Ligand SMILES: Cc1ncc(COP(=O)(O)O)c(C=O)c1O
């Protein structure tokens, strides 16, 4: 067992004032058991907890930490900005710069509205789609997560999937009932939804590479054909790039897939360099429906706050340097190959799905292509592997249904140590 005395004490203290001791459910380790580690600081590829454990981190703050933690250039930018104030309730040049950077990198993002979280971006994208089409319904995919707004907490992945909650309590049936759910990688299931609600679906919302049921890359042509199908039915395509945007490439992930043509996009995580942010973006004629130009209301006290925006700009400047994504790709490919080899050498069922610097080692299932196959994985066994990895100083997300996030701070030494630890962890948990 890893030493966690101080984290345990803090957990008990936290539980008295914070529901479940955490501010976001997956942090509670319900899926793997045990007490979550309380983190005191982080640097590059490592996090340090209250008990002084130094852990090689693959949680990566659930996505933003693509440069590793506390990158000196970003730290300096945030400190400089802090001296000039944290927010003014008035527009700044910084917001214009970040919007321009996103727009220049993403052809479909003709206009950009900054918000404070991915959840807000999702809410706004749906409202825009409904306003633009005059249609009430939304189509999402089983296992995809788009934040915790009412309409989108229907068969959500991530914490919802881990906890086995298809719908959250408190979501009125009248709202949940407007969300149709299709199977990822199945165009037939999308066709069925359109047939069931002809002329009623305002938008199809999709993670181009889902990472909230674990990583599940799209099949060949899936996104292109989904896009064509959506257009054909007069609905809008919303690409949720909150995880994938500027992580899989400098820009949006959908562009890697032939003929995918979204009307609206959501961003978050990487574009704020680790500080709270979100963005909804898309075609100018749709975005101009937003207040103050149009009738779709959306607002935010901290939207486009200068600290997040400055951190985001600095992060994107580093990311657009040559070689960054190639290095991420080769580090993550090395890790994925090593984990596959570890599974094979230990004669274990399982597979490693990877897209760029996102990957998931699925335990107990050889082919994961959608939420149903993800759910067939052996979560109990995953939990044991999680704890054996932790004992070896490797900190992966505490759920089978999350991505491991590789950063530019994960060098060859870190990757090889992870593979070795995974091999040992798989052997140590071999209970056949
Ligand atoms: C794909 C995706 N969309 C939206 C969200 C919601 O973003 P936030 O947690 O910033 O509200 C997340 C969060 O993990 C996500 O992974």
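Residue numbers (our numbering): 272 to 703. For each residue, glycine too, the CB sits at the ideal point set by N, CA and C. Owing to the predicted nature of the structure, the values given are computational and were not obtained by experimental measurement.
Only counting the same chain, and skipping five residues up and downstream in sequence, which positions put a Cβ closer than 6 Å to that of residue i?
{"i": "residue 445", "result": "none"}
{"i": "residue 515", "result": "479, 480 and 524"}
{"i": "residue 279", "result": "306"}
{"i": "residue 696", "result": "656, 659 and 660"}
{"i": "residue 282", "result": "292 and 306"}
{"i": "residue 435", "result": "Confidence at residue 435 is low in this model, with a pLDDT of 43, below 50, so its placement is unreliable and no value can be given for it."}
Which two residues bound the contiguous alpha helix (DSSP H) that contains residue i?
{"i": "residue 465", "result": "458-467"}
{"i": "residue 615", "result": "595-616"}
{"i": "residue 495", "result": "493-503"}
{"i": "residue 344", "result": "343-354"}
{"i": "residue 444", "result": "444-447"}
{"i": "residue 283", "result": "276-288"}
{"i": "residue 587", "result": "577-590"}
{"i": "residue 372", "result": "364-376"}
{"i": "residue 699", "result": "683-699"}
Based on DSSP bridge pairs, tell me the residues matched to residue i.
{"i": "residue 634", "result": "621"}
{"i": "residue 666", "result": "328"}
{"i": "residue 385", "result": "550"}
{"i": "residue 319", "result": "312 and 325"}
{"i": "residue 511", "result": "537"}
{"i": "residue 558", "result": "Per DSSP, none; premise fails for residue 558."}
{"i": "residue 394", "result": "In the DSSP output, where bridge partners are listed per residue, residue 394 has none listed."}
{"i": "residue 678", "result": "Bridge partners of residue 678: none, in fact."}
Below 7 Å CB to CB, which residues in the same chain sit around residue i once its five sequence neighbours on both sides are set aside?
{"i": "residue 541", "result": "334, 335, 337, 516, 517, 518 and 586"}
{"i": "residue 275", "result": "306, 308 and 322"}
{"i": "residue 442", "result": "421 and 424"}
{"i": "residue 460", "result": "453 and 454"}
{"i": "residue 528", "result": "479, 489, 494 and 495"}
{"i": "residue 638", "result": "622 and 644"}
Among the options, which has the Cα closest to the Cα of residue i?
{"i": "residue 671", "options": "635, 532 and 680", "result": "635"}
{"i": "residue 477", "options": "410, 309, 633 and 295", "result": "410"}
{"i": "residue 463", "options": "483, 488 and 501", "result": "501"}
{"i": "residue 348", "options": "579, 618, 600 and 387", "result": "579"}
{"i": "residue 359", "options": "573, 388, 678 and 607", "result": "573"}
{"i": "residue 681", "options": "604, 617, 645 and 638", "result": "604"}
{"i": "residue 458", "options": "392, 649, 679 and 498", "result": "498"}
{"i": "residue 391", "options": "530, 513 and 642", "result": "513"}
{"i": "residue 370", "options": "384, 362 and 378", "result": "384"}
{"i": "residue 699", "options": "619, 414, 552 and 528", "result": "619"}
{"i": "residue 640", "options": "482, 615 and 666", "result": "482"}
{"i": "residue 465", "options": "456, 506, 489 and 273", "result": "506"}
{"i": "residue 412", "options": "354, 439 and 484", "result": "484"}
{"i": "residue 568", "options": "290, 346, 350 and 398", "result": "398"}
{"i": "residue 486", "options": "630, 356 and 556", "result": "630"}
For the beta strand (DSSP E) that contains residue i, what are its first and last residues?
{"i": "residue 409", "result": "408-412"}
{"i": "residue 472", "result": "472-477"}
{"i": "residue 453", "result": "450-453"}
Can you list, in chain order, the residues of its chain whose CB lies under 8 Å from that of residue i, leaving out five sequence neighbours each side?
{"i": "residue 562", "result": "568, 569 and 570"}
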